[in-house]
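> The first sequence runs 0 to 353 under numbering that gives the first Met the number 0.
No residue lacks a Cβ here, since even glycine has one placed at the ideal position from N, Cα and C.
Structure in structure tokens, see below.
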Amino acid sequence: MAEAAPFAERLLAWWRVHGRHDLPWQHPRTPYRVWVSEIMLQQTQVATVIPYFERFMARFPDLLSLANTTIDDVLGAWQGLGYYARARNLQATAERCMTDHDGRLPDSAEALAALPGIGASTANAIISQAHDRPAVVVDGNVKRLLSRHAAIEGWPGRSAVMRELWAQAETRLPTAHGADYTQAVMDLGATVCSRRNPRCNECPVRHDCQARRQKRVGELPTPRPKRDIGQRRLYMLVHFDRRGRVLLERRPPAGIWGGLWCFPESESRQALAERFRLSEVQLKALPAVSHLLTHLKLEIIPLTADGQRPGDTGTQDLALGVECAEHLDWFAPLQWARLGIPKPVLDILESTRA
DNA sequence: AATGCGGGGTC
DNA sequence: GACCCAGCATT
């Protein structure tokens with residue numbers, strides 16, 4: 000009996016018939032477009048990314064336009080996509096390409112991985128797709144596909160498991176068709192070897208899938224261990240001036256919502272009142288907003304001075320000697336959408352308009 | 001080697 | 001509500 004075709008050949012044959020060939024970053028498949036798409040796709044699903052990618056390309060069609068714009072413009076284009084550090088890294092990388100790489104993205108995985116926001120897997124994903132060279136990519140799809148096909152146990156967040164996945168991926172790499180193979184493993188993971196209800200009977204590598212043989216497809220990959228998450232209460236001052244502009248503060252570059260504009264906030268209601276020369280009794284709470292992060296549950300209590308609303312006149316103007324520096328400023332409604340504002344803050348902002 | 005980052009999809 | 005997603009940077 001003839002030996003089965005190599006893993007990669009079966010995937011490529013499957014992909015030519017069943018794979019995705021119409022993703023926006025595939026046409027044209029330039030290094031710049033591939034790079035931007037890979038950054039957007041980090042921890043973010045394809046369907047979510049597509050409209051952002053189209054808008055981003057219309058606004059920043061090339062490396063130079065991205066390097067020459069402001070961070071606020073990039074954050075504005077990123078608003079709603081999450082993981083805003085990616086937007087800052089994107090622009091930092093564009094600038095580095097101008098200064099250190101002759102105005103282009105480097106064409107080696109090592110040089111790419113030295114740039115902000117690009118790790119080993121993303122570097123290889125860019126190389127394989129932009130230059131059609133085979134390179135190991137281990138993303139969520141590949142982790143799932145390989146942990147099943149080779150029956151690899153353990154949560155991929157553990158380094159030993161990740162090493163094994165990387166080694167498996169390496170041995171399966173073809174010697175040609177690098178771009179199509181990368182797309183093929185991702186497509187197979189996304190559409191056939193899906194997390195729930197995998198369609199094993201349509202899989203081109205089902206005949207030597209170890210998880211399937213052991214009837215353990217449903218148990219692999221091993222899920223992330225559960226853990227308790229903490230809870231934190233946060234007060235935010237929602238205040239408008241007579242012209243309907245809202246007071247926002249730019250957050251420090253590191254940490255949650257780094258570099259984004261938020262209401263002035265504090266964990267202490269009293270500290271917030273003191274900072275803006277308000278008495279605590281003046282502060283009226285709006286309905287709380289709950290925001291869930293991986294490791295933390297935030298309860299955000301929006302506070303307004305005397306129930307003030309935009310357009311209100313005659314209320315005290317919070318003169319409070321707010322010295323609007325670069326990190327503290329007033330913004331008109333038309334400016335909001337171009338700023339980069341975290342989702343819960345935007346929700347509060349919009350609820351005050353309604 | 002483990003943890004923080006964040007919004008959305010999906011069941 | 002639980003769990004995951006085209007991971008990386010930081011500690």
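Based on Cα-Cα distance, which residue from Leu277, Gly156, Val35, Arg171 lies nearest to Ala122?
The candidate whose alpha carbon is nearest that of Ala122 is Val35.
> Taking the alpha helix (DSSP H) that Ile300 belongs to, which residues open and close that run?
No alpha helix (DSSP H) contains Ile300, which is instead part of the beta strand (DSSP E) from 295-304.
> With 16 as the cutoff for other CB atoms within 10 Å, does Leu219 come out buried or exposed?
Buried is the call here.
> Are Thr221 and Ser146 touching if we call contact CB-CB under 9 Å?
Against a cut-off of 9 Å, the Cβ pair of Ser146 and Thr221 comes out as a contact.
> Along the chain, which unbroken stretches of the alpha helix (DSSP H) at least 4 residues long are found entirely within the region 174-205?
Correct list: 177-190.
> Please report how far the alpha carbon of Asp207 lies from the alpha carbon of Ser267, in whole angstroms.
Cα to Cα, the separation comes out at about 59 Å.
> Taking all protein chains shown into account, do 16 or more other C-beta atoms lie within 10 angstroms of the C-beta of Ser350, making it buried, or fewer, making it exposed?
By the 10 Å Cβ count, Ser350 comes out exposed.
> By Cβ distance below 8 Å, which residues in the same chain neighbour Glu8 in space, the five residues on each side in sequence not counted?
Counting only Cβ-Cβ distances below 8 Å, and skipping sequence neighbours, we find Pro173.
> Classify Trp154 as helix, strand or coil using the three-state DSSP reduction.
Trp154 falls in the coil class under three-state DSSP.
> Given a threshold of 16 other Cβ atoms within 10 Å of its Cβ, counted over all protein chains shown, does Gly313 qualify as buried or as exposed?
Annotation note: pLDDT 40 at Gly313 (below 50); position unreliable, coordinate value reported separately. Result: exposed.
> Would you call the region 264-280 and the region 226-235 in contact, with 3 or more CB pairs under 8 Å?
Yes: the two stretches touch, three or more of their Cβ pairs being nearer than 8 Å.
> Nearest-angstrom Cα distance between Pro106 and Met39?
In the sequence as presented, Pro is not what sits at residue 106; that position holds Asp. Cα to Cα, the separation comes out at about 20 Å.
> Put Asp71 into one of helix, strand or coil per three-state DSSP.
Reduced to three states, the DSSP call for Asp71 is helix.
> Between Gln182 and Glu94, what straight-line distance do the alpha-carbon atoms span, to the nearest angstrom?
C-alpha separation (whole angstroms): 28 Å.
> In whole angstroms, what separates the C-alpha of Leu345 from that of Leu11?
Computed Cα separation, rounded: 44 Å.
> Which residue marks the beginning of the beta strand (DSSP E) containing Glu218, and which one marks its end?
That residue, Glu218, is in no beta strand (DSSP E); it is neither H nor E in DSSP.
> Can you check whether the CB of Trp329 is closer than 9 Å to the CB of Leu259?
Taking 9 Å as the Cβ cut-off, Leu259 and Trp329 do not qualify as a contacting pair.
> Could you tell me the distance, in whole angstroms, from the CA atom of Pro251 to the CA atom of Pro5?
Each residue's alpha carbon lies about 51 Å from the other.
> Whose C-alpha, out of Ala150, Thr170, Glu53, Asn200, is nearest the C-alpha of Ala210?
Taking only the C-alpha atoms, the option nearest Ala210 is Ala150.
> Closest by CA to Arg58, which one among Gly75, Gln230, Met161?
Checking every option, the nearest Cα to that of Arg58 belongs to Gly75.
> Is it buried or exposed, Leu348, if we count other Cβ atoms within 10 angstroms and call 16 or more buried?
Counting Cβ neighbours within 10 Å, Leu348 comes out buried, since at least 16 surround it.
> Would Tyr51 pass as a contact of Leu80 if the rule is Cβ separation under 9 Å?
Their beta carbons are under 9 Å apart, which means Tyr51 touches Leu80 by this criterion.
> Three-state secondary structure (DSSP) at Phe52?
DSSP places Phe52 in helix when its eight states are reduced to three.
> Check the DSSP bridge columns for Cys208 and list the partner residues they point to.
Cys208 is not bridged to any residue.
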